[in-house]
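Asks: Let me begin by handing over the structure; questions about it come next.
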Amino acid sequence: MLLTGMTAATPPSALPVRGGNALTLPAHRHIVRVSRSEGSVLLAAVQQGGLDGHGLRMFRSDNGGGTWKLEGAIHDGSAYDRADLIAVGQDVALVYAVETPDSTGIGGSTLRDVYFQWWRYSASKGRWSPQTPVRVFDSTSSSTAYYRAELARDSKGRLWVQAFFREKDASNTLTLAVSSDGGSTFREQSALARDIPKRGGGRLISLGSRMMVLWSSHDGHDTTHYRIRDDSASLSTWSSTRTAFSDGIYHGAAMSAVADGKGGLHVVYKDNSERLNYRHFNGSAFGSAVRVLDDGDWATQPALTRVGSAVYLFYNQPRSDGSGYRLWVRALSSSGKPGAGKELASVSGFAGYPAAPEVLPSGVPLLCFFGIEPSSGSSIRLSFFSTSASSLKSQPVAAMEASGEDDRRVAATGGSGGPSSFDPPQDVGALDSALTGPSQQAIAAGCGGASAMLAVGMTFILMEWGRRRRTRVLRF
Numbered sequence: 008m009l010l011t012g013m014t015a016a017t018p019p020s021a022l023p024v025r026g027g028n029a030l031t032l033p034a035h036r037h038i039v040r041v042s043r044s045e046g047s048v049l050l051a052a053v054q055q056g057g058l059d060g061h062g063l064r065m066f067r068s069d070n071g072g073g074t075w076k077l078e079g080a081i082h083d084g085s086a087y088d089r090a091d092l093i094a095v096g097q098d099v100a101l102v103y104a105v106e107t108p109d110s111t112g113i114g115g116s117t118l119r120d121v122y123f124q125w126w127r128y129s130a131s132k133g134r135w136s137p138q139t140p141v142r143v144f145d146s147t148s149s150s151t152a153y154y155r156a157e158l159a160r161d162s163k164g165r166l167w168v169q170a171f172f173r174e175k176d177a178s179n180t181l182t183l184a185v186s187s188d189g190g191s192t193f194r195e196q197s198a199l200a201r202d203i204p205k206r207g208g209g210r211l212i213s214l215g216s217r218m219m220v221l222w223s224s225h226d227g228h229d230t231t232h233y234r235i236r237d238d239s240a241s242l243s244t245w246s247s248t249r250t251a252f253s254d255g256i257y258h259g260a261a262m263s264a265v266a267d268g269k270g271g272l273h274v275v276y277k278d279n280s281e282r283l284n285y286r287h288f289n290g291s292a293f294g295s296a297v298r299v300l301d302d303g304d305w306a307t308q309p310a311l312t313r314v315g316s317a318v319y320l321f322y323n324q325p326r327s328d329g330s331g332y333r334l335w336v337r338a339l340s341s342s343g344k345p346g347a348g349k350e351l352a353s354v355s356g357f358a359g360y361p362a363a364p365e366v367l368p369s370g371v372p373l374l375c376f377f378g379i380e381p382s383s384g385s386s387i388r389l390s391f392f393s394t395s396a397s398s399l400k401s402q403p404v405a406a407m408e409a410s411g412e413d414d415r416r417v418a419a420t421g422g423s424g425g426p427s428s429f430d431p432p433q434d435v436g437a438l439d440s441a442l443t444g445p446s447q448q449a450i451a452a453g454c455g456g457a458s459a460m461l462a463v464g465m466t467f468i469l470m471e472w473g474r475r476r477r478t479r480v481l482r483f
């Protein structure tokens with residue numbers, strides 16, 4: 008099935024959603040790959056935003072992303088909860104919590120809690136089944152809320168959950184809990200940071216034998232901080248707060264991070280000037296920034312995948328006329344410099360919020376979802392791209408595509424790794440694309456926020472203004 012405004016040599020498979028940022032937050036891991044003797048399976052937690060009455064659900068692909076089907080509901084009644092996943096053997100563990108539009112902010116509610124859940128694999132059934140959710144953090148007041156929850160597992164098998172907490176005075180606290188019994192119970196730990204003035208965001212991640220929390224906020228001028236601990240230390244032992252780097256992370260969560268397998272960390276983030284930067288943590292400190300993309304905008308987001316020691320970056324790049332986005336995958340050198348790449352698609356309309364598996368084995372295709380809101384003709388969806396690392400070609404990072412450059416601005420080179428058919432998941436109906444309406448409400452949640460709600464419409468209505476002018480008007 009082809010999208011109006013995007014054609015492909017091998018059209019990508021897709022899942023229908025209410026908004027193009029169904030896979031916010033960028034810092035989360037929305038998709039995991041689980042190995043089985045019968046063949047690997049991809050599992051993706053997707054927020055459908057109320058489409059046909061559905062919210063956060065789990066989908067699976069048994070053929071490398073070529074087709075997808077429903078595996079089950081995570082929290083079907085919520086149009087705003089977002090999940091963070093990790094694979095533990097053949098099981099999947101996840102946490103979920105709310106992410107609201109910037110236009111409404113993180114309002115208090117006794118329903119804004121954080122939940123942990125196992126999805127256990129049954130070899131006899133060949134399926135994953137959800138276990139009863141366990142509440143990790145409980146908002147007990149209509150003036151408080153937990154949000155942006157993330158999950159990591161340390162080398163001792165303990166499960167750590169990090170979330171931000173909106174206090175009654177509207178300040179924000181970085182909260183932490185740990186389970187030593189496989190997720191049956193969680194014990195809250197001392198807060199890692201307090202008095203964060205704006206909505207916080209970041210990443211909790213295992214670096215092998217150590218655990219790190221990296222965070223920033225919506226402040227726009229905030230420094231990025233981190234704290235770290237040894238897995239062998241007592242549960243309450245963390246380093247003091249350290250400066251990771253002086254530039255902040257856009258909205259705190261416009262980032263993608265992956266452990267390097269040697270005790271360090273690769274991270275690509277969007278700074279508050281809307282540029283993509285790479286940094287490496289070597290186990291002691293973060294290195295200098297390496298510019299990956301200069302000409303981003305409010306919607307530009309990264310997604311990293313590591314294969315052995317190789318690191319690959321998926322990202323979206325605005326077109327110069329403001330009419331859409333180009334979708335890329337690119338290898339990063341050992342120093343973080345962008346190397347061989349491939350343009351996956353050029354889309355008229357909105358396209359962004361990539362999500363990729365954190366780590367892949369050698370010899371399998373590179374995989375990524377992008378949210379697509381075509382300017383006309385086709386429904387909003389998550390489009391799945393698959394391509395081989397060997398297909399990436401040496402070329403400089405492209406400048407923004409000039410207006411009217413050629414017909415490729417509506418002709419994408421699609422994913423090369425799967426069938427072109429679209430296999431609708433169970434009980435999921437088609438969604439007609441609309442210029443305004445619920446999709447714009449859904450896309451406003453996350454790292455586009457209020458800017459996103461306005462910008463999606465502006466992208467379609469005021470293309471002739473040019474991307475740079477549009478971006479400057481809509482930034483906050």
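Counting in our numbering, the sequence shown runs from 8 upward without gaps.
Just so it is clear, CB atoms sit at the ideal spot from N, CA and C, and this is done for glycine as well.
Decide if the stretch 62-75 is in contact with the stretch 106-125; the criterion is three or more beta carbon pairs, one per stretch, under 8 Å apart.
Replies: The stretch 62-75, when compared against the stretch 106-125, does not touch it at the 8 Å Cβ threshold.
Asks: Can we say the stretch 169-180 touches the stretch 190-197, given the rule of at least three CB pairs closer than 8 Å?
Replies: Short answer: they don't touch.
Asks: Cα separation between Lys269 and Asp328?
Replies: Computed Cα separation, rounded: 43 Å.
Asks: Going straight from the alpha carbon of Gly208 to that of Trp135, what length do you get?
Replies: Whole-angstrom Cα-Cα distance: 30 Å.
Asks: Using a threshold of 7 Å, state whether the C-beta atoms of Ser241 and Asp161 are closer than that.
Replies: Result no, Cβ atoms of Ser241 and Asp161 do not sit closer than 7 Å.
Asks: Closest by CA to Val141, which one among Ser131, Ala100, Asn323?
Replies: Looking at the Cα atoms, Ala100 is the closest of the given residues.
Asks: So the beta strand (DSSP E) Ile235 belongs to, where does it begin and stop?
Replies: Per DSSP, Ile235 belongs to the beta strand (DSSP E) from 231-237.
Asks: Do Pro368 and Phe321 have their CB atoms nearer than 7 Å?
Replies: Going by C-beta atoms, Pro368 is not nearer than 7 Å to Phe321.
Asks: In whole angstroms, give me the CA-to-CA distance for Asp267 and Ser341.
Replies: The alpha-carbon atoms of Asp267 and Ser341 are separated by roughly 11 Å.
Asks: Please classify Pro309 as buried or exposed, where buried requires at least 16 neighbouring CB atoms within 10 angstroms.
Replies: The residue in question, Pro309, is buried, as its Cβ has 16 or more Cβ neighbours within 10 Å.
Asks: Report all residues from its chain with a CB closer than 6 Å to the CB of Val366; omit the five preceding and five following residues, and keep chain order.
Replies: Cβ within range, chain order: Arg313.
Asks: Could you tell me if Lys277 is buried or exposed, where buried requires 16 or more neighbouring beta carbons within 10 angstroms of its beta carbon?
Replies: Result: buried.
Asks: In whole angstroms, what separates the C-alpha of Leu272 from that of Ala264?
Replies: The straight-line gap from Cα to Cα measures roughly 7 Å.
Asks: Phe376 and Leu30 - do their beta-carbons sit closer together than 7 Å?
Replies: Yes.
Asks: Relative to the C-alpha of Ser386, which candidate in Asn323, Phe144, Gln55 has its C-alpha closest?
Replies: Per the Cα distances, Gln55.
Asks: Excluding the 5 residues preceding and the 5 following Lys205 in the sequence, name in chain order all residues of the same chain whose CB lies nearer than 6 Å to its CB.
Replies: Excluding positions up to five away in sequence, the list reads Ser224, His225, Asp226.
Asks: Is the beta carbon of Ser246 closer than 7 Å to that of Arg234?
Replies: Going by C-beta atoms, Arg234 is nearer than 7 Å to Ser246.
Asks: At the level of alpha carbons, what is the spacing between Leu488 and Gly84?
Replies: Only positions 8 to 483 of the chain appear in this structure, which leaves residue 488 out of reach.
Asks: To the nearest angstrom, how far is it from the Cα of His232 to the Cα of Val39?
Replies: C-alpha separation (whole angstroms): 27 Å.
Asks: Determine the DSSP secondary structure at Gly71, reduced to helix, strand or coil.
Replies: Coil at Gly71, not helix or strand.
Asks: Taking 7 Å as the threshold (C-beta atoms), are Leu374 and Leu351 in contact?
Replies: Not in contact: Leu351 and Leu374 (Cβ atoms no closer than 7 Å).
Asks: For Gln169, count neighbouring C-beta atoms within 10 Å of its own C-beta (all shown protein chains included) and say buried if the count is 16 or more, exposed if not.
Replies: It is buried - the Cβ of Gln169 has at least 16 other Cβ atoms within 10 Å.
Asks: Between Ala261 and the rest of its own chain, which residues show a CB-CB distance below 7 Å, the 5 nearest in sequence each way excluded?
Replies: These residues qualify, in order along the chain: Pro33, Tyr276, Lys277, Gln308, Cys454.
Asks: Can you look up Gly207 in the DSSP assignment and give me helix, strand or coil?
Replies: Of the three classes helix, strand and coil, the one that applies to Gly207 here is strand, per DSSP.
Asks: According to DSSP, is Gly346 part of a helix, a strand, or is it coil?
Replies: Correct three-state label for Gly346: strand.
Asks: Inspect the beta-carbon positions of Ala159 and Leu211 and report whether they are closer than 7 Å.
Replies: Yes, the Cβ-Cβ distance between Ala159 and Leu211 is below 7 Å.
Asks: Check whether the Cβ atoms of Asp91 and Val102 sit closer than 7 Å, and answer yes or no.
Replies: Result yes, Cβ atoms of Asp91 and Val102 sit closer than 7 Å.
Asks: Out of Ser131, Trp167, His228, which one is the CA nearest neighbour of Met218?
Replies: For the residues Ser131, Trp167, His228, the minimum Cα distance to Met218 belongs to Trp167.
Asks: Whole beta strand (DSSP E) runs in the stretch 360-386 with 3 or more residues, listed along the chain?
Replies: List check, beta strand (DSSP E) in window: 373-381.
Asks: Mind checking Arg173: buried by the 16 CB within 10 Å criterion, or exposed?
Replies: Buried.
Asks: Tell me which same chain residues have a C-beta within less than 8 Å of the C-beta of Ala228, skipping the five on either side of it?
Replies: The question names Ala, but residue 228 is His in the sequence shown. So the list reads Gly255, Asn279, once near-sequence residues are dropped.
Asks: Let me know the secondary structure DSSP gives Ser427 once reduced to three states.
Replies: Its pLDDT being 28, under 50, Ser427 is placed unreliably by the model, and the measurement read from it follows with that caveat. Residue state, collapsed to three classes: coil.
Asks: Check Gly436 in the structure and name its three-state DSSP category.
Replies: Residue placement at Gly436 cannot be trusted, given a pLDDT of 25 that sits under 50; what the coordinates show is reported in the next sentence. Looking at Gly436 - three-state DSSP - the assignment turns out to be coil, as it is neither helix nor strand.
Asks: Determine, using beta carbons only, whether Asp109 and Tyr128 come nearer to each other than 7 Å.
Replies: Contact: no.
Asks: Nearest CA to the CA of Glu157: which residue from Ala184, Ser131, Val53, Thr139?
Replies: Minimum Cα distance to Glu157 is reached at Ala184.
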